[in-house]
Structures are given as structure tokens and as C-alpha cells.
Amino acid sequence: MSKVNYVHETQQYVIGFVGAATLTILAYLSVKLDWFDATTTAIFVLVLAVLQFSVQVYYFLHLRGEAKPRWRSWTFIYSIVMMLVVVFGSLWVMYNLNYRMGMSGEAMEEYMLEQGKKGF
Amino acid sequence: MDWSWLIGRLSPEYLPKDPVTLGAAIGMPIAIIGILLAITYFKKWSYIWNEWVTTLDAKKIGIMYMGIAILMLLRGGADALMLRAQTALAQTGIELFNTQTFQEVFTAHGSIMIFFVGMGAMFGLINMALPLMLGARDVAYPFLNSVSFWLFFAGMVIINASLVFGGFSNGGWLGYPPLTGLEYNPGPGVDYWIWALQIAGIGSLLSGINFTVTILKNRAPGMTLMKMPIFAWSVLVAMVLVMLAFPVLTATLGMLALDRVAGMHFFTSDAGGNPMMYINLIWAWGHPEVYILVLPAFGIFSEIVATFARKRLFGYTTMVAALIAIMFLSFVVWQHHFFTMGAGANVNAFFGIMTMIIAIPTGVKLFNWIFTMYKGRTKFTAPMIWFMCFAVTFTIGGVTGVLMAVPALDFQVHNTMFLVAHFHNVIIGGVLFGYFAGIYYWWPKLFGFTLHDGLGKLSAYAWQVGFILAFIPLYILGLMGAARRINTYDDPSWVPLFIVSGVGVGVIGIGAGLMILSMVYSIWKRKKLADTTGDPWDGRTLEWSVPSPAPFYNFAITPTVTRRDEWWYRKKDGVAQPKREDYKDIELPKNTAEGVYIAIATGMIGFGFIWHIWWMVAVALIVVIAFVIRRSFNDDTEYTITADELYQLDRKARA
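Quick note, the sequences are listed as chains Z and V, same order. 1 is the number of the first residue of the first sequence in our numbering; add one for each residue after it. 121 is the number of the first residue of the second sequence in our numbering; add one for each residue after it.
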């Protein structure tokens, strides 16, 4: 690797690291110091998560300007697809589990939390 | 004085009490001390350290994986024998174990067979054969390979240490909470299970990355993906599944561990936790896992059938398509493991149909092998006998699998002996038979002599007969309603079937014994069975182009590939003798013990968590990080063999 390239790569990593760290700290502080009310906090943290994801992909996974065959891009796309399948599949399965109990999802959640408070 | 800051919760109350475990607890340390003394007596320490422990040679790492896997097969097999002896004898009034021990034994049996036999043998065979098949000098990351193996070894030590001190988990091989939660299982047993799997699992994940990169980057020049042997394809798909599935396992076990040590409530029934989420997540790993195990076995059969039928593999492209279909489908079927947990008809129907669909690519493979044999001049050697046994057994297992994919029927057989019979049918008949075939097939490449064929065939027949005796009765019992994981049943009419099943396990034991015997006998007669050509089976792929045993540098001259089954066609065209100027300097990784140190420290992290020795966790974690950093700043990791030396070595190896 040439000297210029090396310096450039290092710069990219430093930017990525600082970016990732900042976003993490912001998320932590927003919850810890109660910057916003609950809903806004949730949205804020989600936005930060999306930004965090982009930073990771851009600076660490090197998905830009890849030469053919684009293994990194393909593995990345496959991972994302499978992750979505598992995440949304799990949500679908989990929210369907109360089906035979004749309770809506919200009623179920409320019931679980109530039971939790009793600490049975 | 309170020593708990130093020794955590270690205390004499955890010493084994009942006679069976006590025997094992005394026997195992004595055996280990005996082995260590023998090594000292024969002055083999430096040989073992320099040639094996610190090696980065994939073939040697593969042999070590395989050795551990065979050892663990005997341990897990002994567990199985005890379980079936218990169920056969329970109603006659002889009780081998109480309920707790019975539960610990079946948990150990399942965990060991999957993680330390299945995964161990799989990575063993991949390490042995894959770089050679690809025409590669080594795997992409030799050091990572060593780390993976030693992490696997550390997990193995932890799971066996539970036998001596503290007892094992009683939660089944997947450890469902709330039974494995703190409330019902405060002792160290479940922690042993978690940390053995966690450490071995991280090793598997690293291996998955390693082999994926090896296949994508280290192929010989000219070997495009569609010119790779099918074994390499099957490993590629299995390793992609490893990379995606194992993080799920790590996260799930991590959350369970946090529940247990940090008072969290991910999977408790109270405080907002949900144990059903654990079941969902563990199977999101667990179902890809069974394909991870079986796909390399399919790859092995593809090579074996083509070699011994002496025809090129029928339907190469459909084979690849089937593998890729499985790569996607294996991630959308996991819910079929818990149809009965309460999901509605839509969810159950979706996953049921997906499960039926995944049987199609698997069926395609089976027909491809049969068509490969059709009109071939098949040589029925031991690996082929394993294939024949596989074809029958696995088909039965597959058919019962599709049967259980019908949710309505699954409600009847869920958690019964029928299920137990089904998954043993596919795991023994598919995975184990495949790996055994692979051992017999590649043994000469690793050691320079073939295994005795007659004994190998006998072993295969014994396994097959034993298998039928052991598991067909379980199908019948399961249909009659015999639930699994119970140490005694009340129905006297079931006793004969349980006795047949127990006898079957005994016959399988004879099969395993014959296999060990064939190895010992072949080592004894190694001169007579020597493989002088390097190509004892008239093989098709590149590993047979190098002398046996394969030299540590794999290929003196990196081969250039122009077609599938390169070596087969080269033999037809006539092999040109390499000239002196064809040889070039090569670089090989230096031996290093850092992988061993990292694994020892990781094992100590696990031990610290199990016994709540927090200072040990902290110190060991720092040691791991320090070694990783040290290794990454070490540029002096390779040595060179000059062209002259290589020429001499190669001439000697070919002589």
C-alpha cells in the first residue's frame, strides 16, 4: 500500500471511529439526561441508529467503489435480507403467540407487565 | 474468613455424589494424568508442542479437530448407551440414575454430539480437504484457524469439566428457560452449558469467516466458482450460514447468561421478560445449524459418489442451485420447531409449507447422486457403503421430517420419541455417515496409508443395523405417545421396544468399536496399506494430485485450473513432470502458541463466569485483548522456502 493511500485509509478509520463514538454517546446522554420526552427519545435514538449504521457501512465495511466481483456488497445484501427475515419473522411469530389465548397483542403485553409487577 | 472474592462459589458441596458420575469424575482425571505421564515418559512434549499444539498447518489442525470429535463421539455415545439402558431397564426395577442425573446425561449427550462431534468433525474435514481441493497453499487466515480450534478445545474442556465438578445443565441441549433461568437452576450446571457452547460457538464463527474468505480468495488460478468441486460449494454455503446464524446463538446465550449473572429479565416469566423469545431465537440459529452440519456431508458424498462411480457428477449446476436454495430457505423454517407453542394457523402454515419446500432441493441432491451412479462402474469401497447406508437412512429421516412439517400432525408427535427418532435419522444417517465416509476417503491423503476396507465396511453395516434397531422402535413408541426426556414410563407394553432400542445402541457401539479397530489395525499394517501414488481412489479433484501424505506446503507448484474435475482430465491428458524452473519461492506461516494462550484465557473467562470468580474474568479478558493486540502488530509471521529447497522437498516427496 502506498504512503498516500495509507494516510487516507487511516483518516477514514479515524473519522469513522469518531463518528460512531459520537453517535453512541449522544444516544446514551439523551436517555440518561432526559433531553426529550419518551416518544421523542425513542425517535431520536432510532435516527441515531440509522446514522450509526450508515457510518459503519461507509467507513468500516468498505462497500463503496468495490471492484468486481463485488463480494463485500453481495454478502452485505444477503446478510441484510436474512437479518430482516429473522427480525420480522420473529416479530410475526412472537405477536402471533397469543392467538390461541383470545387476547390482542396489547392486552397480552399489559397482562404480562401486570404479572411482572406482581413478581410471581 | 470469607474467601468468595477469590474462589467465587466453588465449594465442596458441588463434588459429585451418585456412583455413576463419581466413577466418571474419578476416572477422567486419572486417564488425563496417565496420558500426561506417558507423554513425559516417552519424551514427546517438544514433539507435541512444536508439531501439533503451535501448528498453523490446516491439515494438522484438521486432524486435531477430528481426534477431539472422535473422542467426544465416544463420550456422547456412552451417554446414549446409558440413556437407553435406563429406559430399557427402568420398568424392571433397576434404576441407573435418578431424574436429575438422567436429565444431565441427555443434555450432555445432545450438546456434545452437536457442538463437539458434529461441528468438530465438520471443521476437521474442511481443514483437511478444502485447501487441497482448491489448490490453495493454506486457509486465508492460518492464525485465526488455530484460535478457532483452541477455542473449540477450551469449550470441550469446560463441558467435560462439569462431569468432575459441579454437575451439568439439566435443561436439554438447547436449554429452554425458564428451566435454565436463575430461579429454577441456581447451580453452576447451566453456566457450564452456556460457556462451553459460547466459547466453542465463537470458535465456529471465526472458522466460518475463515473458510468463506478462503473459498472466495484462495482458489487456484483459473478455478472459477463454477469450476470448484461441489464439496467447496457445500462448504461455502454452510460457512455463509455459520456467519449469519452463529451471532444469533452468541447473542441468545449472552442474554441468558446476563439473566443469570446480572439479574436481567430477557427470558424470565416476570418483569417483562419472555421465555418464548428465547425459544424463537435459539431456533433461528438452531435450524440453520442442522444445515450447517449436513451440507458439508452432502458435499463429501458428491465427491465420493463421483469418484467411485468413475463418472462426473450428475447435475453439477442443479447441485449448486439446490445449495443456494437451501442457503435462503434454511432461514425461513425455524418456527417448525415450536408449532405447539401457541402461534396461529397462518404462522404455522407458512413455516410448515416452507419446511416442505426445503425438502425439494435436498431431494434433488439425492437423485443427482443416484443418477451419478447410474451406468457408472461403481466400486463399493467403505466410503461408498457409507453412502448407500446414508441414502436409505436419510431418505427415511427426510420423509418423516416432511410428515412432521404438517402442523396438525406435529401436535400429535411434538416432543415424543417420534421426533427423537426423526432427528437422529437425519443427523446420524446424514451428518455422521457423511463424515465417516469423509474420514475413510481422505485418510490416505492425510496419513499416507488407506484404512482397512473390510473393517470399514463391517463398521458401516454395524452402524446401519444398530441404527435401525435403535430408532425404528422409537418411531413406534413416539406414535403411541411416549414423550421424550423421561427416565421411566408406566406402560409395560412399551418395555420390549425400549429393550430393542437399547440393543440397537449396543450394536452402534460395536460399529464405533469396529471403526476404531479399523484405524488401529491400519496404523499397525500401515506399510502394507501404504498409498504410494498419492491417488489411491483414482480421484477427480486436485487433492489427489499431491503425494500422500500431503506435504506441509500442499502444492509445490500452484496448479492452474481450466475445467471441473481438473485432476481427472489431467490424468487422461498425461501429467507433465514439473521442471526445475517451474518452482518458485513460497511463504508459509510460522508456528505460534498465541492461539493457545488466547484460548486458555478465554476458557478462564468461562470458568470465572461459571463459578462467579470475577477477578479471573477481568484478568483473563485483559490477557485475551493483550494477545490479540500483540498479534496484530507482529509483522514477522511468515517464513520463506526457497525454490531450491522446495524442488528438493518435492522430489523427495514424489520419490
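Don't be surprised by glycine CBs; every beta carbon is placed ideally from N, CA and C. Predicted model, so just to flag it, every value in this text is computed and none were measured.
Suppose the cutoff is 7 Å on Cβ atoms and the five residues either side in sequence are ignored; what does the same chain contact list for residue i look like?
i	result
L361(V)	P408, Y411, I412, M447, S450
T219(V)	N607
L302(V)	D379, R380
L113(Z)	none
What three-state label does DSSP hand residue i in the structure shown?
i	result
P139(V)	helix
A260(V)	coil
I730(V)	helix
I761(V)	strand
E114(Z)	helix
F753(V)	coil
F434(V)	coil
L708(V)	strand
F569(V)	strand
A775(V)	coil
G603(V)	One detail in the question is off: residue 603(V) reads as Ala in this sequence, not Gly. Strand.
T661(V)	coil
A650(V)	strand
T370(V)	helix
T219(V)	helix
T536(V)	strand
D311(V)	helix
Y767(V)	helix
L294(V)	coil
D693(V)	helix
N394(V)	coil
Y304(V)	coil
I677(V)	coil
I214(V)	coil
P63(V)	Lying outside 121 to 775, the shown extent of chain V, residue 63(V) is not represented and no answer is given.
Once the 5 residues before and after residue i are set aside, which same chain residues still bring their CB inside 6 Å of it?
i	result
N488(V)	F434, G435, M439
S231(V)	W293
A707(V)	Per the sequence shown, the amino acid found at residue 707(V) is Glu instead of Ala. Closer than 6 Å at Cβ, skipping near neighbours: E758, T760.
A442(V)	P481, V484, K485
Q223(V)	N290
P778(V)	Missing from the structure shown is residue 778(V); chain V here goes from 121 to 775 and no further.
A445(V)	P481
When the distance is taken between beta carbons, is residue j closer than 8 Å to residue i?
i	j	result
I119(V)	A557(V)	Outside the shown range of chain V, which is 121 to 775, sits residue 119(V), and nothing can be said about it.
G240(V)	F263(V)	no
M397(V)	M94(Z)	yes
N545(V)	T513(V)	yes
F331(V)	V357(V)	no
I159(V)	I153(V)	no
F587(V)	G626(V)	no
S621(V)	P593(V)	yes
Y581(V)	L571(V)	no
D770(V)	A676(V)	yes
Thinking just about the alpha-carbon of each residue, which of the options is nearest to the one in residue i?
i	options	result
R751(V)	S266(V), K163(V), N468(V)	S266(V)
Y494(V)	M186(V), V526(V), K431(V), L443(V)	K431(V)
L254(V)	T757(V), D770(V), P679(V)	P679(V)
W209(V)	I480(V), D610(V), P298(V), V333(V)	First, the residue type needs correcting, since residue 209(V) is Leu and not Trp in the sequence shown. Residue D610(V) is the option with its Cα nearest to L209(V).
G496(V)	A429(V), L369(V), F553(V)	A429(V)
D705(V)	Y759(V), K691(V), R683(V)	Y759(V)
I190(V)	G383(V), M276(V), N305(V)	M276(V)
Q532(V)	M348(V), F507(V), M600(V)	M600(V)
Y99(Z)	M736(V), N466(V), A144(V), I630(V)	N466(V)
L523(V)	M476(V), K180(V), G464(V), A763(V)	M476(V)
F236(V)	R204(V), R195(V), T160(V), A256(V)	R195(V)
D685(V)	T661(V), S579(V), F747(V), F591(V)	T661(V)
G654(V)	A426(V), R774(V), M508(V), I278(V)	R774(V)
V85(Z)	G323(V), V739(V), L364(V), S268(V)	L364(V)
Might you give, ordered along the chain, the residues of its own chain that have their beta carbon closer than 8 Å to the beta carbon of residue i, omitting 5 neighbours on each side?
i	result
G392(V)	H385
R129(V)	P308, W731, H732
G16(Z)	V55, Q56, Y58, Y59, F60
N400(V)	W454, Q455, F458
G554(V)	V414, P416, A417, F418, I420, F421, W506, F510
Give, in chain order, every residue of the segment 436–453 of chain V whose Cβ lies closer than 7 Å to some Cβ of chain Z. F451, V452
Of all the residues that make up the segment 403–417 of chain V, which are near chain Z by a beta-carbon distance shorter than 7 Å? A404
Note down, in chain order, all residues in the segment 104–115 of chain Z with a beta-carbon under 7 Å from any beta-carbon belonging to chain V. Flagged, chain order: M112, L113, Q115.
Could you list the residues in the segment 61–85 of chain Z with a C-beta less than 9 Å from some C-beta on chain V, going in chain order? Against chain V - using a Cβ distance shorter than 9 Å - the residues of the segment 61–85 of chain Z are P69, W71, T75, Y78, S79, V81, M82, M83, V85.
Give, in chain order, every residue of the segment 4–36 of chain Z whose Cβ lies closer than 7 Å to some Cβ of chain V. none
Proximal residues, the segment 454–465 of chain V versus chain Z, C-beta separation under 9 Å: Within the segment 454–465 of chain V, the qualifying residues are W454, Q455, F458, M461, G462, A463, G464, A465.
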